[in-house]
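Here the sequence shown stands for residues 997 to 1352, where the numbers follow the working numbering. Heads up, the beta-carbon is just placed ideally off N, CA and C, and yes, glycines get one too.
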Amino acid sequence: MKSPKKFLSINFGCRVNAAETNQWSQTFIDQGYSPTNSNPDIIFINTCAITKKGEKESLNKIKILRQKYPTSKIFVSGCANLDKIKDLDNVSVFKNDQKEKILKELQSSYTRHIKDKFSHTNRFLLKIQSGCSQFCSYCIVPFKRPKLFSLSIEKAVNTVKKAVENNYQEIIITGVNLDQYQYGFSKLIKNLLEKTDIKLISFGSIPINCIDQNFINLFKNKDYQNRLSHFLHIPIQSGSDKILKLMNRPYDSKKIIETFNKLKSLPSSREVPPSKTRRGVGFGTDIIVGFPTESEKDFQDTLKLCQKIGFTKIHVFKYSPRPNTKARIIFENSPKISKETLKDRSNKIKLSELKN
Ligand code: SF4
């Protein structure tokens, strides 16, 4: 008897990639393939290039799997420089725009068969947006995902209804740059709360400009506040206005402080377990240390801002120049910040995390 066809999907990077990897996996399942960890007929690898290290890991994985499974058909996509593996046999490359075109009509087909590192059986990754044209000066993503895409509110509502039918309890809203979600971020969340029975809406990473008064009002609404995650990951990257400007981030430290003050004044969730005393909303963020020209004062501005806000989770990244980015081009010959200083700044930011 012929053995059933099997596939292996491997994801690198962010939740958007994970959501897309899940959609690819679903297409394999729909074609009669089953997931496996060994001897797959098909392998799908979704790569990442946000850091040099991430890109290297993705490309190495492709080479390792090519060697390990010489007869498997390999499909690769994602943000890594895939020209580097074009000489490998039997490897098909899908650029991000081709991939997104294929996936565009598959938004509703993600089912609970698929697990990834961001989800478990009760959580559904809902990709509502892709692409970025913000061109933060350090970031490679706008070169890799230039095409903007937003899922319509109607499709998002229908997808979540389907997820609820499949017993999902929670959705995680994700996108490359949710600030560029074209149908109104707060409006979408309100519609999901009003028109679906999803128990909890969580967020991947929310740009600070998405947090408008309408968004804050949803947390004040007694009918909704228990259905919204009270942990928000809001990447601020720096607390120095000079550095934020050089990074081309679309806000300044005043905006950061104002927004977090509003969020901090929100009421506590009514269902916080008594053993866990928690403020109204908990916060996480991303910080880049060692951006070119970051002085001790710039760093101290960032550190003080982190201490003032009180993040419970901080992802600290040491600046790494990425190909074609403005920061890399402009600061190519500027003095480098020493490794010791980078390490020290990283540690200090990490130490500013609030302990529960
Ligand atoms: S908003 Fe900035 S950091 Fe985020 S993907 Fe776009 S360019 Fe990169």
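query: Comparing the CB of Q1130 with every heavy atom of the ligand SF4, is any distance shorter than 7 angstroms?
result: Annotation for Q1130 indicates a beta carbon within 7 angstroms of some heavy atom of the ligand SF4.
message: With distance defined between alpha-carbon atoms, name the residue in S1182, L1147, V1277 nearest to G1171.
response: Of the candidates S1182, L1147, V1277, the one whose C-alpha sits nearest the C-alpha of G1171 is L1147.
query: Can you tell me the Cα-Cα spacing of G1127 and N1013, whole angstroms?
result: Rounded to the nearest whole angstrom, the CA to CA distance from G1127 to N1013 is 12 angstroms.
- prompt: Are I1355 and T1255 touching if we call contact CB-CB under 8 angstroms?
  reply: The question about residue 1355 has no answer, for the chain in this structure spans 997 to 1352.
- request: Run the CB neighbour count on N1007, radius 10 Å, all protein chains shown included, and call it buried at 16 or more, exposed below.
  value: Burial check for N1007: the Cβ neighbour count within 10 Å reaches 16 or more, so the residue is buried.
field: Own chain residues within Cβ distance below 7 angstroms of L1144, not counting five before or after
entry: Within the same chain, Cβ atoms closer than 7 angstroms to the Cβ of L1144 are found at G1127, S1129, Q1176, the five residues on either side in sequence being excluded.
query: C1206: beta carbon under 7 angstroms from a heavy atom of the ligand SF4?
result: C1206: no, Cβ never under 7 angstroms from the ligand SF4.
Proximity below 8 angstroms, CB of D1237 to CB of S1225: No, the Cβ-Cβ distance between D1237 and S1225 is not below 8 angstroms.
- request: Scan the segment 1196–1281 and note each continuous beta strand (DSSP E) run of 3 residues or more that stays entirely inside, going in chain order.
  value: Those beta strand (DSSP E) runs which fall completely within the segment 1196–1281 and span 3+ residues are 1196–1199, 1227–1229.
query: Q1022 lies in the alpha helix (DSSP H); which residues open and close that run?
result: That run of the alpha helix (DSSP H) goes 1011–1026.
task: Return the CA-CA distance between S1291 and N1213, expressed in angstroms with no decimal places.
output: The straight-line gap from Cα to Cα measures roughly 38 angstroms.
Near the ligand SF4: N1320 beta-carbon under 7 angstroms from a heavy atom: Every heavy atom of the ligand SF4 is 7 angstroms or more from the Cβ of N1320, so no.
message: Would L1122 and I1185 be called neighbours here (beta carbons separated by less than 8 angstroms)?
response: No, they are not a contact pair.
- prompt: Between which two residues does the alpha helix (DSSP H) carrying S1182 extend?
  reply: For S1182, the enclosing alpha helix (DSSP H) stretches over residues 1181–1191.
task: Give the straight-line distance between the Cα atoms of N1035 and F1024, rounded to the nearest whole angstrom.
output: About 15 angstroms.
- prompt: Alpha carbon to alpha carbon, what distance is there between S1021 and D1193?
  reply: Near 26 angstroms, if we compare the C-alpha coordinates of S1021 and D1193.
field: Exposed unless 16 or more other CB atoms sit within 10 angstroms - verdict on S1133
entry: So S1133 ends up on the buried side.
field: Residues of its chain near G1306, where Cβ-Cβ distance is below 6 angstroms and the 5 sequence neighbours each way are ignored
entry: Excluding residues within five positions, the ones whose Cβ falls inside 6 angstroms are L1350.
Completely contained beta strand (DSSP E) runs for the segment 1287–1317, where each covers 3 or more residues: Residue ranges of uninterrupted beta strand (DSSP E) with 3 or more members, entirely inside the segment 1287–1317 and ordered along the chain, are 1309–1314.
- prompt: In this structure, what does DSSP give as the bridge partners for V1285?
  reply: According to DSSP, V1285 bridges with K1314.
message: How far does the beta strand (DSSP E) with R1119 in it extend, from its first residue to its last?
response: For R1119, the uninterrupted beta strand (DSSP E) segment begins and ends at 1119–1126.
- prompt: Would DSSP call S1054 helix, strand or coil?
  reply: In the structure shown, the three-state DSSP call for S1054 is helix.
- prompt: Name the DSSP beta bridge partners of N1007, please?
  reply: For N1007, DSSP records a beta bridge to N1042.
query: Of all the options N1320, I1345, Y1315, I1333, which has the alpha carbon lying nearest to the alpha carbon of K1300?
result: Of the candidates N1320, I1345, Y1315, I1333, the one whose C-alpha sits nearest the C-alpha of K1300 is I1345.
task: List the DSSP bridge partners of P1031.
output: Partner residues in the beta bridge of P1031, as assigned by DSSP, are F1003.
Exposed unless 16 or more other CB atoms sit within 10 angstroms - verdict on E1161: With fewer than 16 Cβ atoms within 10 Å of its Cβ, E1161 is classed as exposed.
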